[in-house]
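In our numbering, the protein residues as written are 2 to 610.
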């Protein structure tokens, strides 16, 4: 009981440490596991026992017999199902040729290169080498996101890394599962007829069960056969059912089945998909916290000592300095990415939770089956995972500055609210070369913005998930333009420090305007109009216009004229350099910004210059 409670407490503590120090959670989780496991047994306890013993050894331990194996299998099935949910067909089409090549050509380069290195450095069989290589394909969003979210990067670079991590997660897992299943059939019989038949059965039953049950679950949810309060737990039970049933019909096909199931559900028309994904993410945090402390603690000191040789360092350096850059540069050939951007993407390739979890699972299975060299799989993959995460978590920011992809000033603009007013303002800013992102909890508003070609996301500003979006890494300005003054004020207070380092602005309430209780220091978007005024003008004249100004005197004259017209609302000052300034922020320094080619930008009825 003490050990089980201790794992949960330590796991959540590790998650908090990861959040506090902005590092991937897998790093403190595995380090804690090694500390309470092999390190404690070898250097702390005189009797050679671990503080946490995952497998019952006759005196202590959490799981008797194959209990740990069963728990790991079920936990990874849930984690892989969540990974499958994130894999969208539309995303593969839209993320661009570089990302598509990275998850195909780049993955192939890593797969072949990793296998060759493992074979010649550690003299392992080709079967085990390809299993190892399949496992190190995976990067994963859980390790990429914490690294990227704290580095202001050029948008193309952060987008490539983010989507590579999301898309390669289930793909890499699928490759590893298929390689392992081929190794395990007929006790490693190789390319025999029986092995091929068994391998075919695994693929057949895995895909069939995953596809069939996914459609059945989507049908049941959409037809309201499952009450809302049972939706998440019912979905979880179906995932476990699919895993078990597939295993019964074809041994080792369960992981393939849940990945396929997740992919099918993720690409289906399911109203509750986001809610389902949130539940699986929360469950995965708990499972990952428990799982990786257990897996690291289960490693014996003798297994770690297998890596105490020069070949281990050679393998790690080759993976980081040769294979990863080779995969990236081949995949990015002919793209718009510059050499320094390719170099940074090559440097940031941390391996993730799926790699470590499946390595431990498959390594234990093959070791139990007596496969020669199987004892190397788990420590080798853990070495790659820990090494790449530690390297990237500590050096990514510095390397971004050295390679020249670090943004010294974030010019992107985040607009809270995607109403018609926000969409018109965003369109103008996009047309003038600014990166603009709209967020709104109203899906219809988001869809309308996306139809206009504006980047928009369905987000709840009261949720913590928005802070994790790495596509906001170049955001330096925040505009809160919703119809609710409280939401606008909350958005500025909560996200101003993170997304508004260069300026945070909100719409004033009607009461503030009537009482004249606002000033430029309050960070308001306009000193004269609230949301209702903006909407009224937008309905009558839905366009942004510009009028030329020559000097401070003409600026003040035209500004006063426009303010007095109910069909026009002044918003920006556009300088000859293309800089765009929100008018209330200019009251003190407006003379410095105005030149002979400046233009006053306003919403509403067009006036002649």
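Just so you know, even glycine gets a beta-carbon here, dropped at the ideal spot from N, CA and C.
Please report the distance separating the alpha-carbon of residue i from that of residue j.
i           : j           : result
residue 544 : residue 13  : 51 Å
residue 120 : residue 126 : 7 Å
residue 389 : residue 381 : 12 Å
residue 394 : residue 24  : 6 Å
residue 376 : residue 369 : 10 Å
residue 341 : residue 240 : 43 Å
residue 204 : residue 222 : 27 Å
residue 219 : residue 232 : 11 Å
residue 484 : residue 533 : 7 Å
residue 604 : residue 510 : 19 Å
residue 22  : residue 69  : 31 Å
residue 426 : residue 454 : 13 Å
residue 518 : residue 529 : 11 Å
residue 408 : residue 150 : 13 Å
residue 447 : residue 153 : 25 Å
residue 110 : residue 345 : 18 Å
residue 391 : residue 397 : 10 Å
residue 378 : residue 86  : 28 Å
Go through its chain and collect everything with a Cβ distance to residue i's Cβ below 6 Å, but skip five positions before and after it.
i           : result
residue 503 : 477 and 478
residue 10  : none
residue 600 : 547, 549 and 575
residue 215 : 262, 265 and 266
residue 269 : 219
residue 76  : 288 and 292
residue 177 : 135, 136 and 359
residue 579 : none
residue 188 : Unreliable positioning characterises residue 188 in this predicted model, as indicated by a pLDDT of 49, which lies under 50. A coordinate reading is not provided.
Going by other Cβ atoms of all chains shown within 10 Å of its Cβ, with 16 needed for buried, is residue i buried or exposed?
i           : result
residue 350 : buried
residue 1   : Not covered by the structure: residue 1. The range shown for the chain is 2 to 610.
residue 410 : exposed
residue 597 : exposed
residue 192 : Here residue 192 scores only 49 on pLDDT, less than 50, and its place in the model should not be relied on; the value that follows carries that caveat. By the neighbour-count rule (16 or more Cβ atoms within 10 Å), residue 192 is not buried but exposed.
residue 309 : exposed
residue 348 : buried
residue 595 : buried
residue 44  : exposed
residue 496 : buried
residue 445 : exposed
residue 494 : exposed
residue 463 : exposed
residue 353 : buried
On the DSSP letters alone, give me the boundaries of the beta strand (DSSP E) that residue i sits inside.
i           : result
residue 507 : 504–507
residue 334 : First-last for residue 334: undefined, no H or E at that position.
residue 252 : Where residue 252 is concerned, there is no enclosing beta strand (DSSP E), given that its DSSP letter is neither H nor E.
residue 575 : 569–575
residue 480 : 476–481
residue 549 : 545–549
residue 314 : Note, residue 314: premise wrong, no beta strand (DSSP E); alpha helix (DSSP H) at 311–319.
residue 603 : 600–605
Could you spell out the range, first to last residue, of the alpha helix (DSSP H) harbouring residue i?
i           : result
residue 511 : 511–515
residue 561 : 553–564
residue 63  : Segment: none, residue 63 is in no alpha helix (DSSP H) and carries neither H nor E.
residue 389 : 378–404
residue 111 : 108–123
residue 306 : 302–306
residue 34  : 27–35
residue 490 : 486–500
residue 432 : 421–432
residue 416 : Segment 413–417 is the beta strand (DSSP E) holding residue 416; no alpha helix (DSSP H) there.
Within the same chain, show all residues whose beta-carbon is closer than 8 Å to that of residue i, passing over the 5 residues directly before and after it, in chain order.
i           : result
residue 255 : 74, 78, 207, 243, 244, 245, 247 and 248
residue 357 : 27, 31, 293, 296, 382, 383 and 386
residue 51  : 37, 38, 39, 41, 42 and 298
residue 616 : Here the chain has residues from 2 to 610 only, and residue 616 is not among them.
residue 17  : none
Near residue i, what residues of its chain come up, given a Cβ to Cβ distance below 7 Å and the 5 sequence neighbours on each side ignored?
i           : result
residue 285 : 79, 80 and 83
residue 452 : none
residue 49  : 42
residue 531 : 508, 509, 510, 511 and 514
residue 8   : 53, 291, 294 and 295
residue 362 : 73, 74 and 77
residue 647 : This structure gives no information on residue 647, because the portion of the chain shown stretches from 2 to 610.
residue 57  : 64 and 65
> If we count Cβ pairs, one from each stretch, closer than 8 Å, do we get three or more for the region 294–314 versus the region 30–39?
Replying inline: Remark: three or more beta-carbon pairs, one from each stretch, lie closer than 8 Å, so the region 294–314 and the region 30–39 are flagged as touching.
> Within the chosen definition, does the region 224–235 reach the region 46–65 through at least 3 CB pairs nearer than 8 Å?
Replying inline: No contact exists between the region 224–235 and the region 46–65.
> Any contact of the region 512–526 with the region 551–560, i.e. 3+ C-beta pairs under 8 Å?
Replying inline: No, the region 512–526 does not touch the region 551–560.
> Do the region 99–106 and the region 158–166 meet, that is, are 3 or more Cβ pairs less than 8 Å apart?
Replying inline: The region 99–106 vs the region 158–166: in contact.
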